[in-house]
Amino acid sequence: MLSALFHRSAASAADFTHLRQASVELRNVIKQYDAHTVLNGVSLAVEPGEVVTILGPSGSGKSTLIRLINQLESLSGGEIFIDGKPISQLRGAALRQLRSRIGFVFQQFNLYSHLTAQQNIALALEYVHGWNKTEADRRALELLEKVGLAEKANAYAAQLSGGQQQRVAIARALASSPQIILFDEPTSALDPEMIGEVLQVMKNLAHSGITMIVVTHEMHFAREIADRVVFIDGGDILEVAAPEDFFVRPQHPRTQRFLKKVLDPLHQESSS
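By this note's numbering, the letter at position 130 of the sequence shown is numbered 131, and the numbering carries on one by one without gaps.
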């Protein structure tokens, strides 16, 4: 798994060891799978330290968009700029540097079942980032404390609830002190009772200086925590607004219909 994320190839001259400005800009980004177009030339600029939530129906291109940001998916067209530098052609050391600056929290927790919570966090620090074991273990314990799981350091995944596993995954994403962190529907695989504990950890991270881009269906989080809300459907960004404007005064008809359905699940469109 790690070898797939951090494979070695020809290095680029770009330097991503530290981001002066943890900004993200998408310019006319296109993503296609054979004849199927997932993103139709979308553009979006995210400021350093900003919290942006991305909303939209299933299959709208939300997850693809954020997977392009750290090159888990390759661009079909357009460009993405991190810290003002283009990233689509990054290879080797530069790509590994970029990914060390960008944390990613997936829908599924993806913890190694044969490792403890502490070991799951320390692993990449040792084998990817070159930390010694003592430093990596210390950092892992600090992060478990940060997400409220210090007492679970020696627990294996099977001994943790879904919410606890996702909090370990968040701690793991923070291990290399990323300046940008991407969340791909981090609560979608959780039981309803577990969602709050994960959202609380994310709330604590928000506005701490880390740039956060969050794909989510959690409307309350988007409304209360985000600086801006992005609505995407059919591979197009249809609306970008401050939360108050987005939820109270949505402009695009498709946004209006989406919010009616999501905020009032019993709503039935009688006319369209």
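Yeah, the Cβ is synthetic: ideal placement off N, Cα and C, and Gly gets one too.
According to the DSSP assignment, ILE196 belongs to the alpha helix (DSSP H) that extends over 193-206. Excluding five sequence positions before and after LYS134, the CB atoms of its chain that fall closer than 8 Å to its own CB belong to ALA123 and GLU127, given in chain order. Contact holds between the segment 60-74 and the segment 228-245, because three or more Cβ pairs, one in each stretch, are under 8 Å apart. Counting only runs that start and end inside the segment 56-133, the alpha helix (DSSP H) elements of at least 4 residues fall at 63-70, 93-102 and 118-128. When only Cα atoms are considered, ASP16 and VAL106 end up about 24 Å apart. One alpha carbon belongs to ASN29, the other to GLN22, and they sit about 21 Å apart. Assignment of ASP138 by DSSP, reduced to helix, strand and coil, places it in the helix class. Taking C-beta atoms as the reference points, LEU76 and LYS32 count as a pair closer than 8 Å. Cβ-Cβ distances below 8 Å link MET203 to ILE171, PHE184, PRO187, MET213, VAL215, PHE222 and ILE226 in the same chain, with the five nearest sequence neighbours on each side left out; the list follows chain order.
Scanning its chain for C-beta atoms nearer than 7 Å, with the 5 sequence neighbours on each side dropped, one finds around LEU200 the residues THR188, GLU219 and PHE222, in chain order. Between ARG102 and ASP246, the alpha-carbon positions lie close to 32 Å from each other. When GLU194, ASP84, SER177 and ASN155 are compared, the shortest CA-CA separation from GLY163 is found for GLU194.
For GLU51, there is no enclosing beta strand (DSSP E), as DSSP gives it neither H nor E. In this structure, the CA atom of LEU175 is about 9 Å from the CA atom of ILE181.
Note on geometry: alpha-carbon atoms of LEU40 and LEU66 lie some 8 Å from one another. Shown here, VAL169 sits in a helix according to DSSP, grouped into three states.
Distance from VAL231 to VAL53 at the Cβ level is roughly 6 Å; contact confirmed, criterion being Cβ atoms closer than 8 Å. Scanning the segment 206-240 for uninterrupted beta strand (DSSP E) segments of 3 residues or longer gives 212-216 and 229-234, listed from N- to C-terminal end. The beta-bridge partner set that DSSP reports for HIS37 consists of TYR34. It is roughly 28 Å from the alpha-carbon of ARG100 to the alpha-carbon of GLY197. When beta bridges are read from the DSSP output, ASP185 appears opposite VAL216. Rounded to whole angstroms, the gap between the alpha carbons of LEU73 and HIS253 is 31 Å. Counting the other Cβ atoms within 10 Å of the Cβ of ARG140 gives 16 or more, which makes it buried.
The alpha carbon of LEU206 has as its nearest neighbour, out of PHE248, GLN160 and GLY104, the alpha carbon of GLY104.
Collapsing the DSSP output to three states places ARG21 in coil. The C-beta of ASN155 has fewer than 16 other C-beta atoms within 10 Å across all chains shown, which makes the residue exposed.
In this structure, DSSP gives GLY42 an extended state, which the three-state scheme calls strand.
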